[in-house]
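Under this note's numbering, residue 564 is the last one in the sequence shown; the count climbs by one each step, no gaps.
Have a look at the structure below before the remarks.
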Amino acid sequence: MMLAGILSALLADMGLRYLRAKLLGNVAGRMDYLIGVETFKQLLHLPPLFTERSSTASQLSRLKQFDAVRDFFTGPNASLLLELPFVLLFVIVIALVAGPVALVPVVMLGVYIAFGLIWLPASADRGIRSGRSRSDRQQILSQTLDGRHEIKGVGAESVWYARFREFSGEAVTANYHTTVSNSVLQSFAQGTMTIAGVAVIALGTYRVLEGAMSIGALIATMALIWRVLGPIQNAFLSYSKFEQVVMAIRQINQLMSLEAEPQTGRSALMLNEVEGRINIDRVSFRYGPNQDPALLGVSFSVEPGEMVAIMGQTGSGKSTLIKLIAGMYRAQAGAVLLNKFDIRQLNAMDLRRSIAYVPQQAKLFHGTIAQNLRLNNVMATDEELRQACAEAGVLDAILNMPQGFDTRIGDKSTERLPPGFIRELSMARAFLRPARIILLDEPGASLDMESDQRFMERIRRLKGKKTIIMVSHRPSHARLADKVVILDQGAVAFTRVSLPRERFWDIPVPKIDSPTRQPLLPRPSCAHHDSVPHIA
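Rendered as structure tokens:
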């Protein structure tokens, strides 16, 4: 009968443990899914400026810290949370059965708290330094893999190796101190628990010899005492894990509290009414509160079907202006009007769907050529793909590939593709979108003479049909334009309609004195650009 009871108790314990593991697994999976999906959605809808100031490796390292929440629910710490409420119940039962023996786990808890107040803060600091050192080493390793050709090209292997050795040494030293600290913590916890167990046996035996309690009560006390001492010890050792979870939750809350791009506003129906008229009204923009303005009081207008060339020296704000028109950045002063609508009042996704934008640095994603092209128009047919590629002058190059439009690109094979091919492919992707406004940022970069002639012929055919704003340094591109806007130090220095074909660069460009620029744009009060310490 006793054996049957013991077996029943063991089976019940196994069943309850299985149900607990299943419940925690479901909770962990649900948490992992919700955190992953919602944070990814937030990242997609954040303004690009939030994520441009940090490297990809650094951002991935910070996002990986969110896994601490999932690991908490899948590891023993989640079970610990379920066991801790029963500790008080077991202590009360021990007090009823064995009297003063119940003071042993209470004293043990006090010893843990006293030692933790002294040791745990320093141990946590060592853990933080170790994590930062590993992150720095991982970042330099990622930079090495991404820029290995440049490192070899300048013969900087020895310099880079010395840097990696320095970072590795710091990481190893920090990890050593963390390991020693954790070992001391583990040894103290094990020793304290052993002493507490011996104290329970000694005190219980003494009370049995005095006749204050029976042997059965002593056996019951020993069975319960480990259900008390074990969770207390695990809670003491899991302090750093709890801190990581709290920090991860705090970072998630900071990320989710950031102001995302507006997904509500005037609908696509209103954007379909846009004729292509753009007004830049005293637009000013700076990348940070402590930086000089990238744009300062820029004003000009673009009529429907008009082509405007934006020119200027490097760093004059040309690409920044294009990104403002595309809705990638938000002006801190002034307004960008699309017809009569301020683009800040428009739905961000609908706005970009109504604009064909070719950035200065083309990005291809892992997949086939056809899949990359259809990013701009998922419903595009094969014939439309061919037509867009023909207009961009890249169709013959694609058809000459063994797999044609099914050729896979976007991985390391992209490095072997000619830069001109990548540029033409990005323009084909833009032409695939039926947009009334086309924004081109340095479209002639990486194009040879023949490709550039094809590009200019395409632009001639689009003139009058589409509103085109193009950033370029080439006089041949400027001669195609109906209007040329020259920027200097972020301000409009010169605007002219119908530039002459001869002596283009003899046009005088007035200089703007930098001391008079600063008072025109006060420091922005919206400090949200610097409120992203963990993502951007």
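Ideal Cβ positions, reconstructed from N, Cα and C, are used throughout, including at glycine.
Coarse secondary structure for residue i, derived from DSSP in three states
| i | result |
| --- | --- |
| A240 | coil |
| V311 | strand |
| A390 | coil |
| I34 | helix |
| L475 | coil |
| L323 | strand |
| K491 | strand |
| A184 | coil |
| A40 | helix |
| V520 | strand |
| L72 | helix |
| L445 | coil |
| L62 | helix |
| L460 | coil |
| R545 | A caution first: R545 carries a pLDDT of 42, below 50, which makes its placement in the model unreliable, though a value can still be read off. Coil, per DSSP. |
| Q431 | coil |
| R402 | coil |
| F94 | coil |
| D534 | Residue confidence is low: D534 scores 48 on pLDDT, short of 50, so the model does not pin down where it sits. Its coordinate-derived value is still stated next. D534: helix per DSSP, three-state reduction. |
| P317 | coil |
| A56 | helix |
| A263 | helix |
| E303 | coil |
| V228 | helix |
| M250 | helix |
| R529 | In this prediction, R529 scores a pLDDT of 48, lower than 50, which makes its location untrustworthy; the coordinate-derived value is nonetheless stated afterwards. R529: coil per DSSP, three-state reduction. |
| F101 | helix |
| V422 | coil |
| M455 | helix |
Pick from the options that is closest to residue i, judged by C-alpha positions
| i | options | result |
| --- | --- | --- |
| L213 | Q282, V139, Y189 | V139 |
| Y46 | G57, S107, K92 | S107 |
| L515 | T396, S327, M407, D434 | S327 |
| G325 | V364, L72, M335, G316 | V364 |
| S504 | Q373, F393, A337 | A337 |
| S266 | G64, G232, P104, K491 | P104 |
| Q166 | Q481, T222, A276, G197 | G197 |
| R314 | A456, P446, K351 | K351 |
| G155 | G258, T172, M275 | M275 |
| G340 | V55, A245, V512, F264 | V512 |
| A288 | G57, A519, P76 | P76 |
| V273 | D95, N54, R461, M498 | D95 |
| V208 | G244, D480, S158 | S158 |
| G432 | M498, V406, A398, E411 | A398 |
| G333 | N367, F483, S163, A230 | N367 |
| E66 | A37, G362, N281, F270 | N281 |
| Q261 | L286, M221, S242, A248 | M221 |
| F393 | L453, G144, G57 | L453 |
| L349 | F270, E194, A519, K493 | A519 |
| E303 | K493, Q218, V55, A32 | K493 |
| L286 | L72, A245, P317 | L72 |
| I371 | A506, L145, N307, A463 | N307 |
Span of the alpha helix (DSSP H), counted from its first residue to its last, around residue i
| i | result |
| --- | --- |
| A384 | Counting along the chain, A384 falls outside any alpha helix (DSSP H), though it belongs to the beta strand (DSSP E) covering 383–386. |
| M284 | 267–285 |
| E289 | No alpha helix (DSSP H) contains E289, which DSSP labels as neither H nor E. |
| P503 | 503–508 |
| F114 | 104–126 |
| L169 | 131–174 |
| T409 | Note, T409: premise wrong, no alpha helix (DSSP H); not H, not E. |
| S347 | 346–353 |
Beta-ladder partner(s) of residue i, from DSSP
| i | result |
| --- | --- |
| M26 | With the chain covering only 29 through 564, there is no way to say anything about residue 26. |
| F328 | I308 |
| F369 | L366 |
| M498 | A337, L468 |
| R436 | T396 |
| A361 | S312 |
* the region 130–144 in contact with the region 86–99 per 3-pair CB rule at 8 Å -> No: the two stretches stay apart, fewer than three of their Cβ pairs being nearer than 8 Å.
* Asked: Is the region 413–420 touching the region 452–472, taking contact as three or more C-beta pairs under 8 Å?
  -> The count of Cβ pairs closer than 8 Å, one atom from the region 413–420 and one from the region 452–472, reaches three, so the stretches are in contact.
* Do the region 144–152 and the region 174–186 make contact, defined as three or more Cβ pairs closer than 8 Å? -> The region 144–152, when compared against the region 174–186, does not touch it at the 8 Å Cβ threshold.
* Asked: With a cut-off of 8 Å, do at least 3 Cβ pairs link the region 463–482 to the region 382–394?
  -> Contact holds between the region 463–482 and the region 382–394, because three or more Cβ pairs, one in each stretch, are under 8 Å apart.
* Asked: Between the region 240–258 and the region 220–230, do three or more beta carbon pairs fall short of 8 Å?
  -> Yes: at least three Cβ pairs fall under 8 Å.
* With a cut-off of 8 Å, do at least 3 Cβ pairs link the region 199–217 to the region 232–240? -> The count of Cβ pairs closer than 8 Å, one atom from the region 199–217 and one from the region 232–240, stays below three, leaving the stretches out of contact.
* Is the region 472–482 touching the region 442–451, taking contact as three or more C-beta pairs under 8 Å? -> Touching, yes, given that three or more Cβ pairs across the two stretches are closer than 8 Å.
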